[in-house]
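K.L.:
Following the working numbering, the numbering of the sequence shown begins with 13 at its first residue and continues without gaps. By construction, the Cβ of each residue, glycine as well, lies at the ideal position given by its N, Cα and C atoms.
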Amino acid sequence: MPLFETIIAVLMAITSISLVMTTIRLLIGPTIPDRAASFDLVMSHVAALVALYVIFVRQEILIDALIVIAILGFLGTVAVARYIEEGRS
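1) Please determine if the segment 86-100 and the segment 42-60 are in contact, where contact requires at least 3 C-beta pairs separated by less than 8 Å.
2) Contact defined as beta carbons within less than 8 Å: I believe V92 pairs with A48. What is the distance between those atoms, to the nearest angstrom?
3) With a CB to CB cut of under 7 Å and the five nearest residues on each side skipped, what residues in its chain are close to L38?
4) Indicate the three-state DSSP secondary structure (helix, strand or coil) for T34 in the structure shown.
5) Look up T27 in the DSSP assignment and say whether it is helix, strand or coil.
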């Protein structure tokens, strides 16, 4: 395996470990803002993993999926933020 592919594989492994830890924080977060921040970070990790996979397999068509994942993550974060804001008033 060439050095570049090895580096990408290591980065994917590190991102996956971080994703698992963030998901645990999402599940046990004591407050809704903690969970909202964790959800945003989970979506960022998923987007990063898809981006690394696109680089690893050299399939540019998957960039469309990456854009959709990023947009859905942003919209989910905005929806949770609006829920939090409406609940306080």
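P.N.:
In terms of the structure at hand:
1) yes
2) 4 Å
3) R47, S50, F51, V54
4) helix
5) helix
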